[in-house]
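Participant:
Shown next as structure tokens:
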């Protein structure tokens, strides 16, 4: 029995190096399957190269004050990698500018198209009830915490790469369906900037510590989530 493209994409994201005979046959079955396989292999190679880079010494990035600005739209061309589905990404440590340039992301826009294209659709497809009982562990890694209002709608959560190191990729359950959220603890953005890639919309959120990006389809009102996200990822208060 042959594997259809949707099944192939799901397995490609979850187990890109699977040796399952049916999966291996599907990789070679048509130009569409070949292109998806090539894109996935290229993405995995980028991750492997990033893992081999060491973090520069004394790389401390200060916070840049960015004033509240009207929503701006940046349109990016379609990316073939949008066909990619989810795979559990290798955790990558921060390594500043050198890491970013070697990773191949020259901008947040390019990062979103690449990373979300590889990982986002598959995670959204797996979204369901909130079953993760250890959400706080992910946020505490960056000395921040999620308020109950945010934690209670998180369906899926995992570590992921960001333009400037390690971050958190989440899927949120909303009244308009699953919406993706990426927390980028060391990345500065223009608050409320709207980025368009493929058929997705990404809204930038400047936080007290780092930033986040809300990602949804054209039919989803992601801007309504902006106040919740801005108020729900906050620094951990520690006793002095």
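Residue numbers (my numbering): 212 to 451. Glycine is no exception: its CB is placed at the ideal position from the N, C-alpha and C atoms.
Does DSSP put residue 435 in a helix, in a strand, or in coil?
Facilitator: Residue 435 falls in the helix class under three-state DSSP.
Participant: Below 8 angstroms, how does it come out for the stretch 402-414 and the stretch 373-382: are there three or more Cβ pairs, yes or no?
Facilitator: No: fewer than three Cβ pairs fall under 8 angstroms.
Participant: Would residue 411 pass as a contact of residue 426 if the rule is Cβ separation under 7 angstroms?
Facilitator: In contact: residue 411 and residue 426 (Cβ atoms closer than 7 angstroms).
Participant: If you count every other CB in all the chains shown that lies within 10 Å of the CB of residue 398, and 16 or more means buried, which is it?
Facilitator: By the 10 Å Cβ count, residue 398 comes out buried.
Participant: Quick one: what does DSSP say residue 448 is sitting in, helix, strand or coil?
Facilitator: DSSP places residue 448 in coil when its eight states are reduced to three.
Participant: By how many angstroms is the C-alpha of residue 393 removed from the C-alpha of residue 437?
Facilitator: Those two C-alpha atoms are separated by around 13 angstroms.
Participant: So residue 396 and residue 353 are in contact, right, with Cβ under 8 angstroms, and what is the actual spacing, rounded?
Facilitator: Rounded, the Cβ-Cβ distance is 4 angstroms, consistent with contact.
Participant: Measure the alpha-carbon distance for residue 453 versus residue 428 and round it to whole angstroms.
Facilitator: Nothing can be reported for residue 453: it is not among the residues displayed for the chain, which extend from 212 to 451.
Participant: What do you get for residue 235, buried or exposed, if any count of 16 or more other CB atoms within 10 angstroms of its CB means buried?
Facilitator: With fewer than 16 other Cβ atoms within 10 Å, it is exposed.
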